[in-house]
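Report on the structure given below.
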Amino acid sequence: MKKLSLLLFFIPTIVLANIPVKNTTIPGGIAVIDFETNHSNPKAFYNNMPLYVQHIKDQSWQVLVGIPLLEKLGKKTIKVQDTSTRSFNFEVTEHAYTEQYITLKGKNKKYVNPNLAHMDRIKSERPVLSSARKIFSTDALSDGLFTRPVNGVTTSPFGLKRFYNGQARRPHTGLDYAGDTGSPIKAPANGKVILAGEFFFNGNAIFLDHGQGMISVYIHMNERLAKQGQQIKQGEVIGTIGQTGRATGPHLHWGVYLNQTVVNPNLLMGKEL
Ligand SMILES: [Zn+2]
31 MKKLSLLLFF IPTIVLANIP VKNTTIPGGI AVIDFETNHS NPKAFYNNMP LYVQHIKDQS
91 WQVLVGIPLL EKLGKKTIKV QDTSTRSFNF EVTEHAYTEQ YITLKGKNKK YVNPNLAHMD
151 RIKSERPVLS SARKIFSTDA LSDGLFTRPV NGVTTSPFGL KRFYNGQARR PHTGLDYAGD
211 TGSPIKAPAN GKVILAGEFF FNGNAIFLDH GQGMISVYIH MNERLAKQGQ QIKQGEVIGT
271 IGQTGRATGP HLHWGVYLNQ TVVNPNLLMG KEL
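Position 88 of the sequence shown, counted from 1, bears residue number 118 in the working numbering, the numbering being contiguous throughout.
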């Protein structure tokens, strides 16, 4: 019995460090495309958008393609550029995400039907948030895999189809972890803070750039403990759990982008949680 529990304790660490990203070609998933080249700096594109490309070993390289949640099903093509241009295909297949109905009352109603002043604020924040998501830096993550940002349980999975007070809104674009206000949030990988601020829907938020269009976002935080432009190491505390912005209780909303497309963060953690 003792032996077994020791074994269970050690296995997850090993698994996390070694399991590569799984090819998951569903809306909100990640297509993993392997290719060979002698070139030292190959590039890849999907719908003209640059993609995350990583070196595996020797001549083996890999492309990670973020598939939009609202992507049409069927055959898709990416282009790989080294000394020439090649095409690679993948097939997006159906995935039924579950539905969730949320009721917002009292002062939280402003998040369902914001008034004019709030609309002005939302409009002015939109380009700030979207330009942060569009950043494509040439640096790469050391290993391309994430660790968990908090210890809490997942309360809302990625991709839920959401209805606020009966009105359909866009699907859930991240993972929600429950947690006490003030609990630490740790960077899942090395990165750089490309946005740190307070926003209408997101509340206190931090965006981390992990290179080549891989961006992770931390929303509804109580405190921001990292500053714009700061370099962050994996495991470093960047803020604390809170319920600022459109949140019905203290939690972390964690979102991950690849090629400006929100994807399921679990796919980059090396295992399903
Ligand atoms: Zn959320």
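We treat Cβ as the ideally placed atom computed from N, Cα and C, and that holds for glycine.
- Collapsing the DSSP output to three states places residue 141 in a helix.
- The beta carbon of residue 144 sits closer than 7 Å to the beta carbons of 152 from its chain, once the five residues preceding and following it are set aside; these are given in chain order.
- Its chain contains 91 as the residues whose beta carbon lies nearer than 7 Å to that of residue 85, once the 5 sequence neighbours on both sides are disregarded; these appear in chain order.
- A check of alpha carbon separations from residue 58 across 94, 83, 262 identifies 94 as the nearest.
- Residue nearest to residue 116 within the set 237, 63, 134 is 63 (criterion: CA-CA distance).
- Judged by the Cβ position, residue 205 qualifies as a neighbour of ligand 1 at the 8 Å threshold, a heavy atom of the ligand being closer than this.
- For residue 160, the shortest separation between its Cβ and any heavy atom of ligand 1 does not lie below 8 Å.
- Exclusion of residue 236 from the 8 Å shell around ligand 1 follows from its C-beta lying no nearer than that to any non-hydrogen atom of the ligand.
- The shortest CA-to-CA distance from residue 118 to any of 103, 159, 75, 210 is the one to 75.
- For residue 73, the enclosing beta strand (DSSP E) starts and ends at 73 to 76.
- At least one heavy atom of ligand 1 is found less than 8 Å from the C-beta of residue 283.
- Looking at the DSSP output, residue 222 bridges to 239, 261.
- Per DSSP, reduced to three states, the secondary structure at residue 125 is coil, with no helix or strand assignment.
- Residue 108 has 118 as its beta-bridge partners, per DSSP.
- In the displayed model, residue 247 falls within a strand according to three-state DSSP.
- With a threshold of 8 Å, the Cβ atom of residue 249 counts as near ligand 1, since some heavy atom of the ligand is closer than that.
- The secondary-structure analysis by DSSP pairs residue 193 across a beta bridge with 131, 198.
- Judged by DSSP secondary structure, residue 66 falls outside any alpha helix (DSSP H) and instead within the beta strand (DSSP E) spanning 60 to 66.
- Beta bridge pairing from DSSP links residue 79 with 76.
- In this structure, the alpha-carbon of residue 205 lies about 5 Å from that of residue 187.
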